[in-house]
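First the structure, in the form of structure tokens, and then the observations on it.
There are 2 protein chains.
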Amino acid sequence: MTDAKKFPTINDKTALEEGDTFAPSFDAHGLLPAIVTAAETGEVLMFAYMNKEALARTIDTGQAHFWSRSRGKLWRKGETSGNTLRVIEICTDCDQDALWLKAEVAGAGGCCHTGRVSCFYRSVPFGEYAGKRLMMEAT
Amino acid sequence: MTDAKKFPTINDKTALEEGDTFAPSFDAHGLLPAIVTAAETGEVLMFAYMNKEALARTIDTGQAHFWSRSRGKLWRKGETSGNTLRVIEICTDCDQDALWLKAEVAGAGGCCHTGRVSCFYRSVPFGEYAGKRLMMEAT
Numbered sequence: 258m259t260d261a262k263k264f265p266t267i268n269d270k271t272a273l274e275e276g277d278t279f280a281p282s283f284d285a286h287g288l289l290p291a292i293v294t295a296a297e298t299g300e301v302l303m304f305a306y307m308n309k310e311a312l313a314r315t316i317d318t319g320q321a322h323f324w325s326r327s328r329g330k331l332w333r334k335g336e337t338s339g340n341t342l343r344v345i346e347i348c349t350d351c352d353q354d355a356l357w358l359k360a361e362v363a364g365a366g367g368c369c370h371t372g373r374v375s376c377f378y379r380s381v382p383f384g385e386y387a388g389k390r391l392m393m394e395a396t
Numbered sequence: 258m259t260d261a262k263k264f265p266t267i268n269d270k271t272a273l274e275e276g277d278t279f280a281p282s283f284d285a286h287g288l289l290p291a292i293v294t295a296a297e298t299g300e301v302l303m304f305a306y307m308n309k310e311a312l313a314r315t316i317d318t319g320q321a322h323f324w325s326r327s328r329g330k331l332w333r334k335g336e337t338s339g340n341t342l343r344v345i346e347i348c349t350d351c352d353q354d355a356l357w358l359k360a361e362v363a364g365a366g367g368c369c370h371t372g373r374v375s376c377f378y379r380s381v382p383f384g385e386y387a388g389k390r391l392m393m394e395a396t
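Protein chains in written order, with the working numbering: chain A, 258 to 396; chain B, 258 to 396.
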């Protein structure tokens, strides 16, 4: 079992960025941002935060767990909806303060609580279209 | 010009999630997390935060801007390295507290300050491999 209390801290920049020790850097609130993409399509499905316990459980079980800031509780994705996330790969970024999870969605395949596959279903106009209304994605 | 002071706030959950008004929800520090993927490959390149000014400039110019928490300043990605990010699409998530940018990297094509294409170049072992050393990605 991964001990959530024992994730190491690395202060040396080179060791943190180039080494092979996993030393996740949690923010002042004890949270680490996590991006989830669909392993098959590469689409960004959702974005959420993990605390140490959520990360430890994700590592141990291969099922994505997060910390719900709004509900103030540990949360196994899909525990009520059935749309669990089976982790295919976890990557850490250069300074180890963000994670990227490639995952497969179980159940009906929707990752967003609105029932859509992805939470990112609206496009923000920019450049010459700046200030226009959001556009609903076709997906 | 997009006025960074005038991003609206929406409190009604349905309007926030299903409407076509862009009402980005900045956190207590005035920041909004932003995921950047390569428009061509779908690979997650980097993760950073925007404040209102960075978001307004990104929307106006189509060039990705962020807020550097470590340096405490607005930052146009690639302003020193030349590896600027030309925005192809900006998507907001269901509750409008995260963004996903699809972008093209200019210059040498590296998005990470280490020179790599992506910041996410190390894989975290999990499941039966939990606790093993980080693995460097082939890319």
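We put the CB at the ideal spot given by N, CA and C, even for glycine.
- B/Asn340 sits close to B/Ala363, with the two beta carbons spaced by under 8 Å.
- A/Val293 has A/Met303 and A/Leu358 as its beta-bridge partners, per DSSP.
- Its Cα nearest to that of B/Arg328, the residue B/Tyr306 stands out among B/Arg314, B/Tyr306 and B/Val381.
- The three-state secondary structure of A/Ile347, taken from DSSP, is strand.
- Contact of B/His322 with chain A is not assigned, every C-beta pair being separated by 8 Å or more.
- The beta-carbon distance between B/Glu300 and B/Ser375, rounded to whole angstroms, is 6 Å. This is short enough to meet the 8 Å contact definition.
- For A/Ile347, the chain B residues whose Cβ falls inside 9 Å of its Cβ are Ser380, Val381, Pro382 and Phe383, in order along the chain.
- Our two residues, A/Pro265 and A/Ala313, have alpha carbons roughly 13 Å apart in a direct line.
- The three-state reading of DSSP puts B/Arg314 in helix, counting H, G and I together.
- Per DSSP, the beta bridge partners of A/Lys330 are A/Ser325.
- Straight-line measurement puts the Cα of B/Trp324 at about 6 Å from the Cα of B/Lys330.
- Ranked by Cα distance from B/Ala261, the options B/Leu288, B/Ile292 and B/Ala272 are led by B/Leu288.
- Within the segment 282-305 of chain B, the residues whose Cβ lies closer than 8 Å to any Cβ of chain A are, in chain order, Pro290, Ile292, Thr294, Thr298, Gly299, Glu300, Val301, Met303 and Phe304.
- Within the model, the alpha-carbon separation for A/Asp269 versus A/Thr318 is close to 30 Å.
- With a 10 Å radius around the Cβ and a threshold of 16 neighbouring Cβ atoms, A/Tyr386 comes out exposed.
- Only residues of its own chain outside the window of five on either side were considered, and among them Gly364 have a CB closer than 7 Å to the CB of B/Ser338, listed in chain order.
- For B/Ile267, the nearest beta carbon of chain A is not closer than 8 Å to its own beta carbon.
- Put simply, of B/Leu302, B/Asp277 and B/Glu275 the residue whose alpha carbon is nearest the alpha carbon of B/Leu342 is B/Leu302.
- Taking a Cβ-Cβ cut-off of 7 Å, the neighbours of A/Ala355 in chain B comprise Phe304, given in sequence order.
- Close CB contacts of A/Glu297 within its chain, under the 8 Å cut and outside five residues either way in sequence, are with Glu361 (chain order).
- Taking a beta-carbon distance threshold of 8 Å, B/Glu274 counts as an interface residue toward chain A.
- The bridge partners DSSP lists for A/Met393 are A/Arg379.
- Closer than 8 Å to the CB of B/Gly319 there is at least one CB belonging to chain A.
- For A/Leu273, the three-state secondary structure derived from DSSP is helix.
- A direct Cα-Cα distance of roughly 12 Å separates B/Lys359 from A/Phe377.
- Within chain B, Thr259, Ile316 and Asp317 have C-beta atoms less than 7 Å from the C-beta of A/Ala387, given in sequence order.
- For B/Cys368, no chain A residue has a Cβ inside 9 Å of its Cβ, as the nearest lies near 10 Å away.
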